[in-house]
Each structure stands twice: as C-alpha cells, then as structure tokens.
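Participant: Just so we're aligned: the sequence shown equals residues 1 to 150 in the UniProt record's numbering. The beta-carbon is built from N, C-alpha and C at its ideal position, and this holds for glycine as well.
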Amino acid sequence: MNNAPHESSETHNDEISGDNPVRIIPGPAGVYQRAKLRKLADTREGDIKSFIKKGKVDQVVAIIKSCTPNALGDLTVTLKDLSGSISGTIHHKTINEGGYGKDIAVGAALILRKISVFSPKSGHYLNITVKNLVKVFKKDTPPGGSGILS
Numbered sequence: 001m002n003n004a005p006h007e008s009s010e011t012h013n014d015e016i017s018g019d020n021p022v023r024i025i026p027g028p029a030g031v032y033q034r035a036k037l038r039k040l041a042d043t044r045e046g047d048i049k050s051f052i053k054k055g056k057v058d059q060v061v062a063i064i065k066s067c068t069p070n071a072l073g074d075l076t077v078t079l080k081d082l083s084g085s086i087s088g089t090i091h092h093k094t095i096n097e098g099g100y101g102k103d104i105a106v107g108a109a110l111i112l113r114k115i116s117v118f119s120p121k122s123g124h125y126l127n128i129t130v131k132n133l134v135k136v137f138k139k140d141t142p143p144g145g146s147g148i149l150s
C-alpha cells in the first residue's frame, strides 16, 4: 500500500510564527485557505489598526456567519476570518443589481477589496458595495467545482 500523500494534498509552512505546516484542503475550500494564509503572512502587527484608522481595509477574505435583511433592503452580516468576527452591511444594489442575491448566504465565503469601515464608539462595521465585492464562493459548492462567481 502506498503511503505517499494524496497528490492534491499540499502543505504550507507558517514562516512568520514558525508554526507546524498546515495541510491545504483540496478544492474550493483550499482556495479560501490559501488566501487566508497569504493574508496572514502579508499582515504585520498593527497593520489592521492603521488601515481601520484610515477608514478603509485593503482586503478581507471571510465567511458569512449570520445574514439578516433590514428595512432598507440591505443585508446585515457578521463576517468571520482567522482573526475574528466583524459586522457589516451589504448594500441592496450588490444583492439585486450585482446579481449576488441568491449566492450571499450563511456559509458563503467573500473576497472583498478596499472596504469602507464605519467606526463609532462601540466598534467597527464594514460597508460592502458592488465595487468592494471581488468574488463569492457559494456555500454548497460540489467537490471539484470552482464555486467561484464573478
């Protein structure tokens, strides 16, 4: 019996913290995992706080934990990534005119860019528009499917 790793298996060494290698998940989840590992490798202590102070975050890769429509037709969401959770609002035009309505749901992964951050005293909130949404990875992507929508 061959004990060699499956050919689709990959590992990633965390060069910054010196942690043990991380096994990359095959398929669409691996795309998300690689993006998160790259983001963590590119982010140094204090970078996030300096971006938030400027009112913008360059990139966010996260999974939708909760999703609730509001009275204006927008979606109030809680996004989760490896660093934690943050609340946000997805503008109604992103859902209706952007064509993402059926795909943005709990469990979907989002890649966002240049997101405006609203920071009242109680915390930080993302303001997500059509221009900010780079990719949506549908929740129920079959194995071997890309799950990528543009």
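#1: Does V61 come out as helix, strand or coil in the three-state DSSP assignment?
#2: Report the rounded CA-to-CA distance for F137 versus K93, giving the unit in angstroms.
#3: First and last residue of the beta strand (DSSP E) that includes I104?
#4: Taking 8 Å as the threshold (C-beta atoms), are V117 and L126 in contact?
#5: Verify whether the separation of the beta carbon atoms of L110 and K36 is less than 8 Å.
#6: Among the candidates H91, V106, V130 and A29, whose CA atom is the shortest distance from the CA of A71?
#7: To which residues of the same chain is I25 closer than 8 Å at the C-beta, ignoring the five residues directly before and after it?
#8: Measure the alpha-carbon distance for D58 versus L112 and round it to whole angstroms.
Facilitator: Put simply:
#1: By 1-based counting over the sequence shown, the position of residue 61 is 61. Strand.
#2: Working through the sequence shown from its first residue, we reach residue 137 at position 137. Working through the sequence shown from its first residue, we reach residue 93 at position 93. Looking at the two C-alpha atoms, the distance is approximately 19 Å.
#3: By one-based count along the sequence shown, residue 104 stands at place 104. Annotation for I104: no beta strand (DSSP E) segment contains it, and DSSP assigns it neither H nor E.
#4: As a first step, residue 126 is located in the sequence shown; it is residue number 126 there, counting from the start. As a first step, residue 117 is located in the sequence shown; it is residue number 117 there, counting from the start. In this structure, the beta-carbon distance from L126 to V117 falls below 8 Å.
#5: As a first step, residue 110 is located in the sequence shown; it is residue number 110 there, counting from the start. As a first step, residue 36 is located in the sequence shown; it is residue number 36 there, counting from the start. Their beta carbons are not under 8 Å apart, which means L110 does not touch K36 by this criterion.
#6: In the sequence shown, residue 71 corresponds to position 71, counting from 1. For the set H91, V106, V130 and A29, the Cα lying nearest the Cα of A71 is the one of H91.
#7: Indexing the sequence shown from 1 puts residue 25 at position 25. Shown here for I25: same chain residues with a beta carbon closer than 8 Å to its own, the five before and five after excluded, namely Q33 in chain order.
#8: Within the sequence shown, numbered from 1, the residue matching residue 58 stands at position 58. Within the sequence shown, numbered from 1, the residue matching residue 112 stands at position 112. Distance between the alpha carbons of D58 and L112 is about 8 Å.
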